[in-house]
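Mapping of the sequence shown onto the working numbering: position 8 corresponds to residue 109, and the numbering continues sequentially without gaps. Note that the Cβ used here is the ideal one computed from N, Cα and C, for glycine as well. Have a look at the structure below, then the notes.
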Amino acid sequence: MAAIQNKDEKQIVHLLHSKQAVGKQMHQTLLTFKHNYTGVLLELLQRLS
Numbered sequence: 102m103a104a105i106q107n108k109d110e111k112q113i114v115h116l117l118h119s120k121q122a123v124g125k126q127m128h129q130t131l132l133t134f135k136h137n138y139t140g141v142l143l144e145l146l147q148r149l150s
């Protein structure tokens, strides 16, 4: 969450590609973000502006 709040694009991308164990629902969410993370990053940054 801190990466999003700080608008740290590199950290967000790093987290999306990390191999940490997560729950089934979070895993599916991350797969969705990985598929089109560029658009997701832009949208998140716009919402936080």
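Reduced DSSP category for residue i - H, G, I as helix; E, B as strand; rest coil
i: K120; result: coil
i: K125; result: helix
i: K108; result: coil
Proximity of residue i and residue j at Cβ, strictly below 8 Å
i: K108; j: L146; result: yes
i: V123; j: L117; result: no
Euclidean distance between Cα positions of residue i and residue j
i: H115; j: G140; result: 16 Å
i: K125; j: T133; result: 13 Å
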